[in-house]
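Q:
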Amino acid sequence: MAGTSASRGRLLYWIMAAVSLVGLGDSIYLTVQHLTGETLRCTLISGCSEVLGSSYAVIAGMPLAIIGAAAYFTVFSLAILAAFGYRLAGTLLLALIGVMFLMTLWLTFLQAFVIHHFCQFCLLSALTTLILTVLVMAQRRVVP
Amino acid sequence: MTKRFLPFAIIAVVLLLALLLAWTLFRWLEPSQATGNLAATPEASGPKMPPGALPPHVRGEANAAVTLEEFGDFQCPPCGALYPELKKLEGEFGSQLRVIFRERPLMPMHKHALLAASFAEAAGFQGKFWEMHDKLYENQTTWIELDDARPKFIEYARSLGLDMDRLARDIDGPAVEARIFLDGNRAHALGIDGTPTVLLNNREVPFDTLKQPNGLRGAINAALSGKAP
Numbered sequence: 010m011a012g013t014s015a016s017r018g019r020l021l022y023w024i025m026a027a028v029s030l031v032g033l034g035d036s037i038y039l040t041v042q043h044l045t046g047e048t049l050r051c052t053l054i055s056g057c058s059e060v061l062g063s064s065y066a067v068i069a070g071m072p073l074a075i076i077g078a079a080a081y082f083t084v085f086s087l088a089i090l091a092a093f094g095y096r097l098a099g100t101l102l103l104a105l106i107g108v109m110f111l112m113t114l115w116l117t118f119l120q121a122f123v124i125h126h127f128c129q130f131c132l133l134s135a136l137t138t139l140i141l142t143v144l145v146m147a148q149r150r151v152v153p
Numbered sequence: 642m643t644k645r646f647l648p649f650a651i652i653a654v655v656l657l658l659a660l661l662l663a664w665t666l667f668r669w670l671e672p673s674q675a676t677g678n679l680a681a682t683p684e685a686s687g688p689k690m691p692p693g694a695l696p697p698h699v700r701g702e703a704n705a706a707v708t709l710e711e712f713g714d715f716q717c718p719p720c721g722a723l724y725p726e727l728k729k730l731e732g733e734f735g736s737q738l739r740v741i742f743r744e745r746p747l748m749p750m751h752k753h754a755l756l757a758a759s760f761a762e763a764a765g766f767q768g769k770f771w772e773m774h775d776k777l778y779e780n781q782t783t784w785i786e787l788d789d790a791r792p793k794f795i796e797y798a799r800s801l802g803l804d805m806d807r808l809a810r811d812i813d814g815p816a817v818e819a820r821i822f823l824d825g826n827r828a829h830a831l832g833i834d835g836t837p838t839v840l841l842n843n844r845e846v847p848f849d850t851l852k853q854p855n856g857l858r859g860a861i862n863a864a865l866s867g868k869a870p
């Protein structure tokens, strides 16, 4: 039985790696949007110009989206390493996803109550992080 | 032994793909160098194209060489940013340029946009469309974040000396609604789903051009010298 739970645990790491790719692609898109000034326009389908154009989209001169892209890439790398049996990677992954989850809560709060606009691509990232959080917790339950 | 390197190989491949994606998106979204080139949206004056609300709100000489048609949303910050620039260009080009404003409130994303458009149109029935248009853009930052913007709009209407009883009737009346609907029809037919969108002599100025510092000026000059029919 121990073998099954270990392989199920590994499968969860593979799923996390796959989910993090969605977040990676999404935040790369947001980074490029931020840097090319597409945020200077209002469109029917997204409130991204209001969100990306706000002062909250930049931390210490760095677009938040690029930090997100780096975070998702790190999640992907750690999940792959963990899937191949690197135990330390699993621990770091748990810590990183924990931080990303808290950051996501803050950013979603900002969109809802401070900026008063939701950017679909930011919400996709929030959803991705939420799924990663659930997966990493499930992984800890399968393989304590 | 190869299995030891497999995870690192996978990570390296994904890193490469991520960089490739970033590069492709940059190429796709980057402002093009060509200023003054207008997008191929020819049929804007065609017989099948809805003309928008009639008569349109026009500022400038009727026989100006260049007609600039803006599709705007009073609650859209980039439209607010275009406003002072456009005023400056109107001053610079004088009688060569006339400006038309079309309502393109992006509902439901901008919750005050439709009400703002209605106030501007209702002011238009008292001959003060542009005064209200200016007021809304000039004070955009003060009303954009309010939960209820109506009291502010009423305050602006008062300061313009509008007949408030008539305004109250017109705001929710069918005539104002019809004008906004007709402008929306035209925007829809032209495939305009973003603001600000600017047409010069019925040809759309690409957004890449519009967002460059002297992009719009260059495009107007190009239209004046007849480069774009």
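These protein sequences, in sequence, are chains A and B.
To convert, count from 1 in the first sequence and add 9; that's the numbering used here.
To convert, count from 1 in the second sequence and add 641; that's the numbering used here.
Glycine included, every Cβ here is placed at the ideal spot set by N, Cα and C.
All of these numbers come straight from a predicted model, not from anything done at the bench.
Between S82(A) and chain B, is there a C-beta pair that is closer than 8 Å?
A: By one-based count along the first sequence, residue 82(A) stands at place 73. This sequence places Phe at residue 82(A); Ser is not what is there. Yes, contact with chain B.
Q: Determine the chain B residues that contact G77(A) at a beta-carbon separation under 8 Å, and present them in chain order.
A: For the purposes of this step, residue 77(A) is identified with residue 68 of the first sequence, where counting begins at 1. What G77(A) touches in chain B: nothing, since even the nearest Cβ is about 12 Å away.
Q: By DSSP's criteria, I652(B) is part of a beta bridge. Which residues make up the other side?
A: To locate residue 652(B), count along the second sequence from 1; it is residue 11. In the DSSP output, where bridge partners are listed per residue, I652(B) has none listed.
Q: Name, going along the chain, the residues of the segment 806-827 of chain B whose beta-carbon falls closer than 8 Å to a beta-carbon of chain A.
A: Those would be none; no residue qualifies.
Q: If you reduce the DSSP assignment to three classes, tell me which class M25(A) lands in.
A: On the first sequence, residue 25(A) is found 16 positions in, with the first residue counted as 1. Helix, per DSSP.
Q: Identify whether R668(B) lies in helix, strand or coil by the three-state DSSP scheme.
A: In the second sequence, counting from the first residue as 1, residue 668(B) sits at position 27. Helix, per DSSP.
Q: If you draw a straight line from the alpha carbon of A680(B) to that of T52(A), how long is it in whole angstroms?
A: Along the second sequence, read from residue 1 onward, the residue named residue 680(B) stands at position 39. Along the first sequence, read from residue 1 onward, the residue named residue 52(A) stands at position 43. Residue confidence is low: A680(B) scores 48 on pLDDT, short of 50, so the model does not pin down where it sits. Its coordinate-derived value is still stated next. Each residue's alpha carbon lies about 18 Å from the other.
Q: Look at the alpha carbon of L801(B) and the alpha carbon of E762(B), and state the distance between them as a whole number of angstroms.
A: Numbered from 1 along the second sequence, position 160 holds the residue referred to as residue 801(B). Numbered from 1 along the second sequence, position 121 holds the residue referred to as residue 762(B). If I take the Cα positions, the gap works out to 14 Å.
Q: Using a C-beta cutoff of 8 Å, does V655(B) count as contacting chain A?
A: For the purposes of this step, residue 655(B) is identified with residue 14 of the second sequence, where counting begins at 1. True, the Cβ-Cβ gap to chain A drops below 8 Å.
Q: Cutting at 6 Å between CB atoms, please list the residues of its own chain near R149(A), excluding the five before and the five after it.
A: By one-based count along the first sequence, residue 149(A) stands at place 140. Nothing listed; no residue qualifies.
Q: Chain B beta carbons: is any one of them nearer than 8 Å to that of I37(A)?
A: Mapped onto the first sequence, residue 37(A) falls at position 28. So yes, I37(A) belongs to the interface.
Q: Within the 8 Å Cβ cut-off, does G107(A) reach chain B?
A: Sequence index remark: in the first sequence, residue 107(A) carries index 98 (1-based). So, not an interface residue.
Q: Quick one, which of A92(A), V151(A) and L105(A) has its alpha-carbon nearest I76(A)'s?
A: As a first step, residue 76(A) must be located in the first sequence, where it is residue number 67. Ranking A92(A), V151(A) and L105(A) by Cα distance to I76(A) puts L105(A) first.
Q: How many Å lie between P870(B) and T850(B) at the Cα?
A: Residue numbering aside, residue 870(B) sits at position 229 when the second sequence is read from its first letter. Residue numbering aside, residue 850(B) sits at position 209 when the second sequence is read from its first letter. A caution first: P870(B) carries a pLDDT of 42, below 50, which makes its placement in the model unreliable, though a value can still be read off. Taking the straight line from one Cα to the other gives about 17 Å.
Q: If the cut is a Cβ gap below 9 Å, which residues of chain A does I652(B) touch?
A: Numbered from its first residue, the second sequence carries residue 652(B) at position 11. Neighbours of I652(B) on chain A, chain order: F82, F85, S86, I89 and L90.
Q: What did DSSP end up calling H829(B) once you bin it into helix, strand or coil?
A: The residue you call residue 829(B) lines up with position 188 of the second sequence. Helix, per DSSP.
Q: Hey, D714(B) and H751(B) are a contact pair by Cβ (cut 8 Å); roughly how many whole angstroms apart?
A: Walking along the second sequence from the start, residue 714(B) turns up at place 73. Walking along the second sequence from the start, residue 751(B) turns up at place 110. The pair is a contact, with the Cβ atoms about 6 Å apart (cut-off 8 Å).
Q: Determine the extent of the alpha helix (DSSP H) in which H774(B) is found, giving its start and end residues.
A: Numbered from 1 along the second sequence, position 133 holds the residue referred to as residue 774(B). Run containing H774(B): F770 to E779, per the alpha helix (DSSP H) assignment.
Q: Does the ligand SAH have a heavy atom nearer than 7 Å to the CB of C131(A)?
A: Absent from the structure shown: the ligand SAH. Ligands present: none.
Q: For A659(B), go through chain A and note every residue whose CB falls closer than 7 Å to its CB, in chain order.
A: Translated into the one-based positions of the second sequence, residue 659(B) becomes position 18. Those are L33, I37 and F82, listed as they occur along chain A.
Q: Quick check for students: name the residue ranges of the alpha helix (DSSP H) that lie wholly in the segment 36-118 of chain A, counting only runs of 4 or more.
A: Whole alpha helix (DSSP H) segments, 4+ residues: 57-61, 73-92 and 96-118.
Q: How big is the Cα-Cα spacing for A705(B) and Q737(B)?
A: As a working mapping, residue 705(B) is identified with position 64 in the second sequence. As a working mapping, residue 737(B) is identified with position 96 in the second sequence. Near 5 Å, if we compare the C-alpha coordinates of Q737(B) and A705(B).
Q: Would you call the CB atoms of A92(A) and A27(A) closer than 8 Å?
A: Within the first sequence, residue 92(A) is the residue found at index 83, counting from 1. Within the first sequence, residue 27(A) is the residue found at index 18, counting from 1. Cβ distance not < 8 Å, so A92(A) and A27(A) don't count as in contact.
Q: Looking at the secondary structure, which residues open and close the beta strand (DSSP E) in which E710(B) lies?
A: Residue numbering aside, residue 710(B) sits at position 69 when the second sequence is read from its first letter. Here the beta strand (DSSP E) through E710(B) covers V707 to G713.
Q: Quick one: grab the DSSP three-state call for G693(B).
A: Walking along the second sequence from the start, residue 693(B) turns up at place 52. The answer is coil: DSSP assigns G693(B) none of H, G, I, E or B.
Q: Under a three-way DSSP split, which group does F122(A) fall into?
A: For the purposes of this step, residue 122(A) is taken as the residue at position 113 of the first sequence. Here F122(A) sits in helix by DSSP.
Q: Run the CB neighbour count on L658(B), radius 10 Å, all protein chains shown included, and call it buried at 16 or more, exposed below.
A: Looking up residue 658(B) in the second sequence gives position 17. Flag for L658(B) reads exposed.
Q: Taking C-beta to C-beta, are A78(A) and H43(A) nearer than 8 Å?
A: The residue labelled residue 78(A) in the question sits at position 69 within the first sequence. The residue labelled residue 43(A) in the question sits at position 34 within the first sequence. Cβ atoms of A78(A) and H43(A): not closer than 8 Å.
Q: To the nearest angstrom, how far is it from the Cα of F118(A) to the Cα of Y65(A)?
A: Your numbering for residue 118(A) matches position 109 in the first sequence. Your numbering for residue 65(A) matches position 56 in the first sequence. For F118(A) and Y65(A), the distance between alpha carbons rounds to 12 Å.
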